[in-house]
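To keep things clear, I will list the structure first and then write my remarks on it.
Numbering (the numbering used here), first residue to last: 1 to 737.
This is how it looks when you write it as structure tokens:
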């Protein structure tokens, strides 16, 4: 009865957590915080599970201290969370420049915000927004304050990821007023809950890591399982094998266009080569990073200097069939197609108005997509996109387009240069004076170096970005890895059918080469951004693929000494999972653009948190492949169950450490280590669901390989929900969409 009670409460909490994230999506965050996460019954549910779990551990007479310590760590974490819930205090302090205050706003679940008073006074001396040099992308927010108590003054600075502690009050930068004359600080007091929770985290981290090295533990026994040494004899694998002259438009030679692409521009709130802008420009119009035989730079220059001719070129891709069918349009249209005097001018104009009036079906959405492309061309024609001229004043740099109004601080010589240089380029382009055009490009480059202050990227960064732009890493590697994955499956099938375990060294070597190529891609993005590339869905998918290949290679070299066939299966997994991850990163929903990281995310702890989480996702993906193959081919399902468990233990370790490292970072950044954000909640659900799979002594059915593989397939749904479902359905602070 006690065992069933524990299972019931455990599953009830998992279901409640999952349902609540969907309720939040429709009812709002404040509703679920009050009626679910903050409700008395929610706390009671956790308390009952804790009590029943303790009783079950005692009844089982659990004597192995590492296992006891692991479960105790969760009890301590829950105790810390309860202490935080009943003893902590938090609020918001609104400061205006030069106006001391001791008031703060405390959230009340029923009455909204209530004004309370601090035992001291705070005065805002200055608030500054620091920007990435030459851009309007915020790099940090800083409040300089003075705390006044009993006639004594204490000065301090608060910024993102840099808190100020005064007595028991931990002060965080939260927001600021639009006029930048005011700052909003949050504070937190948690004398008892935080230390207890951190103690629980420490116990959890230690016990999870010890679980992997414990000589008497399950994980170490799995590594020496005789099933890994037993070669399989039969595997039948079904593989599905997917059964005129063009008039050239005027533009500049590729080499000249390439040199133009090396100039820098303010684009997407960062300074980068014009080539990056040209690639995005061409891809948005045409769906590819080149058009016919024209490079992206040639396309951009074509529209700059020969707009009339290029406006007749069928370069605009219409993705949806609804718009094409209704307006009788081909898949690729010229910009001029959408301007017809006999049809009232801009032919999709009425549909754009209908869209913003509420008619947002697929047809109207596709019309808006085309309108965005037309607007891009018109903005380029107006010249406002070409912000390639830096102007530095008092150690502050801004970049301007030739049509922008220049500040009064610009010298007459520089102002004349900016206003006339494109006219010179235009005359050179029309007269085909390529030599002088190249000389003018050198003049612009010289101007940028002299007037950019410290906003111009280093030569290393520029070369890294040009190299990155040149090689479509994700496209090449997803095709290569998936192809090699299916080839590897073919080799594994042959070896199994002939009952031979011969090692194919070529495939591991090719996976290693692919791993090096992806490593190069990640390193280049790292150099370009100056931070670890982990800030969006595209980058995290690259990281998952990287970890999959790394783990597969390490596992292969461990297994190949014992069982060559199992080693080759791991290589197959490595190719397929990394290939699919890279394929996902390649689809349009993933944005590959390189952007500055938000100030709050610029923390070493975030890098550690995301890297560890991605490692766990990679390991759990490998358990998924083990389950698919195990269910298809029963002769090797036992071996694959063992292999899956070998992946599962470090996956749980990294997932647990990753989740709670993120909690520590959140507590350091804004004073709240757990906020029940949908991503946090689903990560916890994933951890809880996969943790069930290692309790095979309590749940004996998990010892049946078929049941185990089926369960692991179902568990993988929670991982998909954590990564994709939250990003593209539920939203929240952690959403990458």
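We put the beta carbon where it would ideally sit given N, CA and C, even for glycine.
For residue 196, the enclosing alpha helix (DSSP H) stretches over residues 193-213. Between residue 218 and the set 355, 323, 66, 170, the nearest pair of CA atoms involves 66. A Cβ-Cβ separation of about 5 angstroms places residue 201 in contact with residue 660 under the 8 angstroms criterion.
For residue 9, the closest C-alpha among the options 27, 47, 614 is that of 47. Excluding five sequence positions before and after residue 346, the CB atoms of its chain that fall closer than 7 angstroms to its own CB belong to 338, 339, given in chain order. In this structure, the alpha-carbon of residue 329 lies about 30 angstroms from that of residue 592. Residue ranges of uninterrupted alpha helix (DSSP H) with 4 or more members, entirely inside the stretch 63-133 and ordered along the chain, are 65-87. Under the DSSP assignment, residue 417 falls in the alpha helix (DSSP H) whose first and last residues are 412-430. In the three-state scheme derived from DSSP, where H, G and I count as helix and E and B as strand, residue 149 is classed as strand.
Residue 318 is a Cβ neighbour of residue 324, given a cutoff of 7 angstroms. Taken through DSSP and simplified to helix, strand or coil, residue 167 comes out as coil.
Comparing C-alpha distances from residue 151 to each of 710, 441, 119, 162 shows the shortest one belongs to 119. Beyond the five residues adjoining it in sequence on each side, residue 103 comes within less than 7 angstroms, by CB distance, of 115, 117 in the same chain, given in chain order. Secondary structure note for residue 549: its alpha helix (DSSP H) is the uninterrupted segment 537-559.
The beta carbon of residue 263 is closer than 8 angstroms to those of 273, 274, 388, 441, 444, 445, 448 in its chain, skipping five residues each way along the sequence. Taking C-beta separations shorter than 7 angstroms and ignoring five residues to either side along the sequence, the partners of residue 615 in its chain run 547, 654, following chain order.
Taking the Cα positions, residue 666 is about 18 angstroms away from residue 83.
Of the other Cβ atoms in all chains shown, 16 or more fall within 10 Å of the Cβ of residue 563; this residue is therefore buried. Between residue 585 and residue 542, the CB-CB gap stays under 7 angstroms. Relative to residue 708, the option among 638, 557, 679 whose CA is nearest is 638. In this structure, DSSP gives residue 140 an extended state, which the three-state scheme calls strand.
Leaving aside the five residues that flank residue 618 on each side, the residues in its chain whose CB is nearer than 7 angstroms to its CB run, in chain order, 544, 547, 548, 551. Setting aside the 5 residues that flank it on each side, residue 209 is surrounded in the same chain by 653, each with a C-beta closer than 7 angstroms to its C-beta; the list follows chain order. By alpha-carbon distance to residue 606, the top candidate from 92, 658, 429 is 658. Residue burial is scored here from C-beta neighbours: residue 399 has at least 16 other C-beta atoms within 10 angstroms and is therefore classed as buried. Residue 25 holds the alpha-carbon nearest to the alpha-carbon of residue 679 among 25, 477, 125, 12. Sequence-distant partners of residue 374 (beyond 5 residues in either direction) whose C-beta falls short of 7 angstroms from its own C-beta, in its chain, are 335, 338. Distances from the alpha-carbon of residue 404 to those of 397, 470, 204, 385 put 385 closest. Ranked by Cα distance from residue 281, the first of 86, 467, 379, 532 is 379. With 16 or more other Cβ atoms inside 10 Å of its own Cβ, residue 609 counts as buried. Residue 623 is positioned such that its CB atom lies closer than 7 angstroms to that of residue 648. In the structure shown, residue 273 falls within a strand segment according to DSSP collapsed to helix, strand and coil. Using a Cβ distance threshold of 7 angstroms, residue 175 and residue 184 count as a contacting pair. With fewer than 16 other Cβ atoms from the protein chains shown falling within 10 Å of its own Cβ, residue 85 counts as exposed.
Cβ-Cβ separation between residue 13 and residue 70: approximately 18 angstroms, too far for a contact (criterion under 8 angstroms). When the five nearest sequence neighbours on each side are left out, the beta carbons in the same chain lying within less than 6 angstroms of the beta carbon of residue 620 are those of 651, 719, in order along the chain.
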